[in-house]
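The structure under discussion appears below in the form of structure tokens.
Numbering (this note's numbering), first residue to last: 483 to 996.
Pasting the structure below:
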């Protein structure tokens, strides 16, 4: 007898439909043949499924059984086919009589006892089910929570093979998981990221202002200062002043985290933007993504959020250079023998570094032990093309004990976030109908249209370009930052003070930096 169960394969962050075809009653000894380009984890399903069937009170096929995962040219990976294979075996052997399998996509790993286990890619499978017009999906409970965010789809959490069996026979009435985003919204006053508040940052008014401008326009920022200046402290509080993501943005982020095997609770328990801070020993693949089976790296896990690279010069040169193209395009394409995937990585880069190898160049309280050659070699670890792609460069001077003692508490994150949200609202209205989401993502045509300056400001900018030896890319970035500063001020056009502030954020560029 032939049984067909509908499932899916996760490739990158997307899912593709897969048919699990089970045919029993064939002539020959009672063996199982699994075809359809399965990987090692899928081939091991035979042992898990047969043990789950036996321990759940069902009998195994008594004849040759062939299981085909169609289409045959699509690589199948992971243990997510355990549950659909087990249900297919039950249906093919006459132990389960149901005629509405085609209404659902089914996926899930089985333990030897028949209980279901969490799986990766649940959100992508739910999105696929909605696009295919399915009535719902059957998933393990831990994975069903994130899939329930997809509206217009019934998501059923099945704890075991026996419960899935009774669902299709009508013996068990399962209630769909409650959907909607409300359950994942942080309550008023709750610290969604657990990273503190900007009011805890004392002093550093220039750094706080630069960070506010960067977040308002989604600009990349580099903070340069000695150890203990507060660079990491400020960076970790950036998510608290970022505007709340839209539901579509949040679903994109969760989809990436789900494809990487991170559950909702482990990744983003609240409606907030991701903050990723990898260690400088991370590999190229860990940062960019890839592997034998291409998967998301840190830059994709930071999609619609922040990627914080502390001690920037300590990262491998190759990893930093590979980031150049994703910083421009907002996506990265990874090609491997197992296939090619394109992953989104529209993130805000926040980088921090010391001014020299010892860290005390320019610090009045500590003597710098580095020679000019050592300072140049240290800073040369950051290439010019990468530096060009960072819109804002700001110095973070060390504070004395007296300054820390006398410093008044700074503005709260809520106050800064209100100004940032107002600036982002202006940008959203300006770029309505286009794919641009913030000033940092403006195209050349949009720069000409929305960042026009008069002849006086043009001469001022030309003089700054010549004296600082800035590149053409830096010219565009100064205009983008100027537009963001004007948005924060509620101005319709770029004024001289907006342009001058944007120019000072390139003061570490090229000739001074090296």
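For glycine and all other residues, C-beta sits at the position ideal for the given N, C-alpha and C.
Query - Contact set for residue 815: own chain, Cβ-Cβ below 7 Å, skip 5 residues either direction - result: Short of 7 Å from the beta carbon of residue 815, and not among the five residues preceding or following it, lie these beta carbons of its own chain, in chain order: 822 and 824.
Report task. Specify, as a first and last residue, the run of the beta strand (DSSP E) that residue 489 falls within. Result -> The continuous beta strand (DSSP E) containing residue 489 extends over residues 484-493.
Query raised in the report: Count the other CB atoms within 10 Å of the CB of residue 747; is the residue buried (16 or more) or exposed (fewer)?
Result: Note on residue 747: pLDDT 46, under 50, position unreliable in the model; the coordinate value appears next. By the neighbour-count rule (16 or more Cβ atoms within 10 Å), residue 747 is not buried but exposed.
Query raised in the report: Could you give the residue range of the alpha helix (DSSP H) that holds residue 740?
Result: Run containing residue 740: 729-741, per the alpha helix (DSSP H) assignment.
Query - Every unbroken beta strand (DSSP E) within the region 590-662, with a cutoff of 3 residues, ordered by chain - result: You should have 618-621 and 636-639.
Requested in this report: Out of 853, 738 and 896, state which residue places its alpha-carbon closest to the alpha-carbon of residue 723.
Outcome: With distances taken between Cα atoms, residue 723 lies closest to 896.
Query raised in the report: Taking DSSP as the reference, what is the three-state secondary structure of residue 503?
Result: The three-state secondary structure of residue 503, taken from DSSP, is strand.
Query - Any non-hydrogen atom of the ligand MG closer than 7 Å to residue 614 Cβ - result: Because no ligand of any kind appears in the structure shown, any question about the ligand MG cannot be addressed here.
Query raised in the report: At what residues does the alpha helix (DSSP H) containing residue 705 begin and finish?
Result: According to the DSSP assignment, residue 705 belongs to no alpha helix (DSSP H) but to the beta strand (DSSP E) extending over 703-706.
Query - Backbone CA spacing between residue 715 and residue 700 [nearest angstrom] - result: Those two C-alpha atoms are separated by around 19 Å.
**Report entry** Length of the line joining the Cα atoms of residue 749 and residue 491
**Finding:** In this prediction, residue 749 scores a pLDDT of 48, lower than 50, which makes its location untrustworthy; no coordinate-derived value is stated.
Requested in this report: Would you decide whether residue 778 is buried or exposed? Buried here means 16 or more other CB atoms lie within 10 Å of its CB.
Outcome: Buried: at least 16 other Cβ atoms inside 10 Å.
Query raised in the report: Distance, Cα to Cα, residue 891 vs residue 984?
Result: A straight line joining the alpha-carbon of residue 891 with that of residue 984 spans about 26 Å.
Requested in this report: Between the Cα of residue 916 and those of 906, 504 and 928, spot the shortest distance and give me the residue it belongs to.
Outcome: Closest by alpha carbon: 928.
Report task. Reducing DSSP to helix, strand and coil, say where residue 844 ends up. Result -> Residue state for residue 844 is assigned as coil, using DSSP reduced to three classes.
Query - Minimum C-alpha distance to residue 845 - residue among 975, 711 and 725 - result: Checked all of 975, 711 and 725; the closest Cα to residue 845 is 711.
Query raised in the report: So what does DSSP say about residue 519, is it helix, strand or coil?
Result: In the displayed model, residue 519 falls within coil according to three-state DSSP, outside both helix and strand.
**Report entry** Strand pairing of residue 876, partner residues [DSSP]
**Finding:** For residue 876, which the question treats as bridged, DSSP gives the partners 705.
Report task. Assign residue 764 to one of three DSSP states: helix, strand, or coil. Result -> In this structure, residue 764 counts as coil in the three-state DSSP scheme.
Requested in this report: Report buried or exposed for residue 708, applying the criterion of at least 16 other Cβ atoms within 10 angstroms of its Cβ.
Outcome: Residue burial is scored here from C-beta neighbours: residue 708 has at least 16 other C-beta atoms within 10 angstroms and is therefore classed as buried.
**Report entry** Nearest residue (CA-CA) to residue 792, options 690, 934, 761 and 537
**Finding:** Looking at the Cα atoms, 761 is the closest of the given residues.
Query raised in the report: Can you name, in chain order, every residue of its own chain whose Cβ lies under 6 Å from the Cβ of residue 851, other than the five neighbours on each side?
Result: 840.
Query raised in the report: Ends of the alpha helix (DSSP H) at residue 822?
Result: Here residue 822 belongs to no alpha helix (DSSP H); instead the beta strand (DSSP E) covers 821-826.
Query - Whether residue 564 touches residue 590 by CB criterion (8 Å) - result: Taking a C-beta distance under 8 Å as the contact criterion, residue 564 and residue 590 qualify as a contact pair.
Query raised in the report: Taking the alpha-carbon positions, what's the residue 818 to residue 832 distance?
Result: Straight-line measurement puts the Cα of residue 832 at about 29 Å from the Cα of residue 818.
Query - Burial state of residue 854, where buried means 16 or more other Cβ atoms lie within 10 Å - result: Residue 854 counts as exposed, since fewer than 16 other C-beta atoms from the protein chains shown sit within 10 angstroms of its C-beta.
**Report entry** Which of helix, strand or coil DSSP assigns to residue 558
**Finding:** Assignment of residue 558 by DSSP, reduced to helix, strand and coil, places it in the strand class.
Query raised in the report: Sorted by chain position, which residues of the same chain lie with C-beta nearer than 7 Å to residue 537's C-beta, five sequence neighbours on each side aside?
Result: Excluding residues within five positions, the ones whose Cβ falls inside 7 Å are 594, 595 and 596.
**Report entry** 4 or more residues per run - each alpha helix (DSSP H) lying fully within the region 938-971
**Finding:** Within the region 938-971, the complete alpha helix (DSSP H) runs of at least 4 residues are 954-971.
Requested in this report: Go through its chain and collect everything with a Cβ distance to residue 725's Cβ below 8 Å, but skip five positions before and after it.
Outcome: Correct list, in chain order: 899, 902, 903 and 906.
Query raised in the report: From this set, 742, 513, 532 and 705, which residue's C-alpha is nearest residue 869's C-alpha?
Result: Of 742, 513, 532 and 705, the residue nearest in Cα terms is 705.
Query - Cutoff 8 Å; reference residue 558; Cβ partners in own chain excluding five residues on either side - result: Contacts found: 491, 500, 518, 519, 520, 521, 524 and 551.
Requested in this report: Indicate whether the contact test is met: 3 or more Cβ pairs, each with one atom in the region 569-581 and one in the region 596-606, closer than 8 Å.
Outcome: The way I'd put it, the region 569-581 doesn't touch the region 596-606; fewer than three beta-carbon pairs between them come closer than 8 Å.
Query raised in the report: Under the rule that 16 or more other beta-carbon atoms within 10 Å means buried, what is residue 830, buried or exposed?
Result: By the beta-carbon neighbour count (other beta carbons within 10 angstroms, threshold 16), residue 830 is buried.
Query raised in the report: At a cut of 8 Å, does the region 778-788 reach the region 724-738 through at least three beta carbon pairs?
Result: Yes, they touch.
Requested in this report: Under 7 Å Cβ to Cβ from residue 498, same chain only, skipping five residues before and after it: list those, please.
Outcome: Contacts found: 490, 491 and 556.
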